[in-house]
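To keep things clear, I will list the structure first and then write my remarks on it.
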Amino acid sequence: MNREFTKIGMFACILIFTAIQAVFGIRVSPGVMTVRGIPVGVDTSLGIPLTLYNDEDMDLVYTVRVMKPSQIKKRWRDGYEEIPDTNWLYLADGKKFVVPAKGNVSSMLRIHIPDSESYYNQMWAVYFLVTAKSGGMFNTAVAPLFMLETKTLDEPAVPPAGIPGIAPSAVSLTVDNSKANIDFYNTTESELRLSMFPYIPGDDDEKVEIEATTGWKFDEDFMNGIRTSDKQIELKSGEKKTITVWSESFPDRRVQALIRVEGAPVIRYIRIFWNPN
Amino acid sequence: MRMLLVGLAALLLIGAAWAADNDQFNITVTVNQLGVTLYEDDGATDYGTWALGNMAAGATAQMYFDNPDADGDDHVEAKNEGNCAADILVYSTESSAPGDCGFGTPTAWAPGAAAGSDIYYLECGEGSESSLPGSYTACDQSASPGTEIVSNLASGSVAHLFFNFTTPTSVSDGCQHDITVTVLASP
Numbered sequence: 002m003n004r005e006f007t008k009i010g011m012f013a014c015i016l017i018f019t020a021i022q023a024v025f026g027i028r029v030s031p032g033v034m035t036v037r038g039i040p041v042g043v044d045t046s047l048g049i050p051l052t053l054y055n056d057e058d059m060d061l062v063y064t065v066r067v068m069k070p071s072q073i074k075k076r077w078r079d080g081y082e083e084i085p086d087t088n089w090l091y092l093a094d095g096k097k098f099v100v101p102a103k104g105n106v107s108s109m110l111r112i113h114i115p116d117s118e119s120y121y122n123q124m125w126a127v128y129f130l131v132t133a134k135s136g137g138m139f140n141t142a143v144a145p146l147f148m149l150e151t152k153t154l155d156e157p158a159v160p161p162a163g164i165p166g167i168a169p170s171a172v173s174l175t176v177d178n179s180k181a182n183i184d185f186y187n188t189t190e191s192e193l194r195l196s197m198f199p200y201i202p203g204d205d206d207e208k209v210e211i212e213a214t215t216g217w218k219f220d221e222d223f224m225n226g227i228r229t230s231d232k233q234i235e236l237k238s239g240e241k242k243t244i245t246v247w248s249e250s251f252p253d254r255r256v257q258a259l260i261r262v263e264g265a266p267v268i269r270y271i272r273i274f275w276n277p278n
Numbered sequence: 062m063r064m065l066l067v068g069l070a071a072l073l074l075i076g077a078a079w080a081a082d083n084d085q086f087n088i089t090v091t092v093n094q095l096g097v098t099l100y101e102d103d104g105a106t107d108y109g110t111w112a113l114g115n116m117a118a119g120a121t122a123q124m125y126f127d128n129p130d131a132d133g134d135d136h137v138e139a140k141n142e143g144n145c146a147a148d149i150l151v152y153s154t155e156s157s158a159p160g161d162c163g164f165g166t167p168t169a170w171a172p173g174a175a176a177g178s179d180i181y182y183l184e185c186g187e188g189s190e191s192s193l194p195g196s197y198t199a200c201d202q203s204a205s206p207g208t209e210i211v212s213n214l215a216s217g218s219v220a221h222l223f224f225n226f227t228t229p230t231s232v233s234d235g236c237q238h239d240i241t242v243t244v245l246a247s248p
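Residue numbers (the numbering used here), protein chains in the order written: chain A, 2 to 278; chain B, 62 to 248.
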């Protein structure tokens, strides 16, 4: 039986640890990034490292863990679902790093998504939780956000992952090919009601914007010219429906916009590109 | 030399064609750096100590202006060292039971919504350089996701954090306990 004390010897850990320097600052790079066109079924380097900075006067041990967004915050950038398995994303050099005083350590980011056609057309969010071993009562941590978009596939053999499943998650419109079909799959057990409208980022209060693909700027005129065959659809469980998207605006430059898909409790985005050539 | 130049030109053209394909692999770094540092209330010195000292069961230690600790610091300043706005979240834990000290059964403490048996109570709040928080929030999470106490702290800005710590109302041991409070910054 545990003996209970009405008076305890709780010596504040800070008092005990004043001789041991604690960690009071932590920095990492990048803080937010978007990666598009990630291949499925192939172990891939993302081509950019995660860099851990130590601004303190002693070497520190940093621990890096990959976390689902819900393990970091209650709310994150809408339009990006949780990555199904955090083990798919990893650092080439492990999870623990000794970072020298006033120095930094980098490790290449890698991802290996299992070979399934359900994992094309995905937009996932994932956080890294970076902590440094502390000797004091207060510790610091940072959680950079990575938004990952897999390669598109027009007609996957199996319904795409996600609620709803969408294929493709990005379409290209040109003068010669000015219409495209987009399939919606209800992967849930209940009915889904979805509404959709053209959209470009900038008019919401999100801390993190959806980034334009390199070389394809968001364009309001193009957005205003986008039309869809349906503005609302209802999908029974397991059902698939197709909508058609086209543009009545024909910019003379490469631009893009989004279609925002809303249906409680989901928000998804589809990238629409315009190429005049 | 001419052949080499032609070869380089061809490579550049291939690169341009790849870049034009909107489904090709590409990376956009929106925020270069994310960071947070804890300072004392002078805004310059790394946070030192919160000298709680010996506390009785169920006792509460508070950070407030007219009761600075031995170092003179009376609250924690969390500075957003990153390039974007970040939320500040807090969680705390005692990662393992203390070593056997000969008094009772060493038992790790956990945070709770109220102090209890081997459960401590941590309150968090955001005040200012000269005022206490208008209200406090129970920071009762032992792991991430923590309790959000500051939303959208702008890049380069400082959040003035105040903590109240209540020891368990009863304990299983008389040993020293080491609580770690983690202050997390995330966009």
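Note that CB positions come from ideal geometry on N, CA and C, so glycine has one too. Model, not experiment: these values are computed from the prediction.
query	result
Specify whether the stretch 94-107 of chain B and the stretch 139-146 of chain A touch according to this definition: at least 3 beta carbon pairs, one from each stretch, less than 8 Å apart.	yes
Out of A:V99, A:L174, A:S191, which has the shortest C-alpha to C-alpha gap to R255 (chain A)?	A:L174
Looking at chain A, which residues of the stretch 201-214 of chain B have a Cβ within less than 8 Å of any of its Cβ atoms?	S205, P206, E209, N213
Enumerate, from N- to C-terminal direction, the unbroken beta strand (DSSP E) stretches of 3 or more residues contained entirely within the stretch 146-189 of chain B.	147-154, 180-188
8 Å is my cut-off, CB to CB: does V62 (chain A) come that close to chain B?	no
Just tell me which of A:K152, A:E207, A:M59 has its CA closest to the CA of S213 (chain B).	Note on residue identity: the sequence assigns Asn, not Ser, to residue 213 (chain B). Comparing Cα positions, the closest option is A:E207.
Roughly how many angstroms separate the alpha carbons of I112 (chain A) and L47 (chain A), rounded to a whole number?	7 Å
Starting from D44 (chain A), follow the beta strand (DSSP E) in both directions and report where the run begins and ends.	44-54
For a test of the three-state rule: what should DSSP assign to Q257 (chain A), helix, strand or coil?	strand
Taking C-beta to C-beta, are A246 (chain B) and A147 (chain B) nearer than 8 Å?	yes
With a threshold of 7 Å on Cβ separation, who are the neighbours of T230 (chain B) within its own chain once the five nearest residues in sequence on each side are excluded?	A118, G119, A176, G177, S178
Quick one: list the residues of chain B neighbouring V37 (chain A), beta-carbon separation under 9 Å, in chain order.	Before going on, a small fix: residue 37 (chain A) reads as Arg here, not Val. What R37 (chain A) touches in chain B: N83, D84, Q85, F86, N87, I88, T89.
When we look at the beta-carbon of Q233 (chain A) and count the other beta-carbons within 10 Å, is it buried (16 or more) or exposed?	exposed
Under the three-state reduction of DSSP, which class applies to M263 (chain A): helix, strand or coil?	First, the residue type needs correcting, since residue 263 (chain A) is Glu and not Met in the sequence shown. Strand at E263 (chain A).
Which residue wins for smallest C-alpha separation from W217 (chain A), given the options A:R37, A:P101, A:G32?	A:R37
Can you tell which of A:T52, A:E57, A:P160, A:F129 has the C-alpha that lies nearest to the C-alpha of N88 (chain A)?	A:F129
Within its chain, find whatever has a CB closer than 7 Å to the CB of S15 (chain B); leave out the 5 residues flanking it on each side and keep chain order.	Here chain B comprises residues numbered 62 to 248, so residue 15 (chain B) is not present and cannot be evaluated.
Can you check DSSP and say which residues form a bridge with S216 (chain B)?	DSSP output for S216 (chain B) lists no bridge partner at all.
Following the continuous beta strand (DSSP E) through G166 (chain A), name the residue where it begins and the one where it ends.	166-168
What number of angstroms, rounded off, separates the C-alpha of A181 (chain A) from the C-alpha of V172 (chain A)?	7 Å
Grab the span of the beta strand (DSSP E) containing G226 (chain A) for me, first residue to last.	G226 (chain A) -> not in any beta strand (DSSP E); alpha helix (DSSP H) instead, spanning 221-226.
Locate the beta strand (DSSP E) running through L154 (chain A), then write down its first and last residues.	Per DSSP, L154 (chain A) belongs to no beta strand (DSSP E) and is neither H nor E.
Is there a C-beta anywhere in chain B that falls below 8 Å from the one on L236 (chain A)?	no
Looking at C-beta atoms only, is the number of pairs between the stretch 223-231 of chain A and the stretch 183-200 of chain A that lie closer than 8 Å three or more?	yes
If you measure between the beta carbons of L183 (chain B) and S205 (chain B), is that distance less than 8 Å?	no
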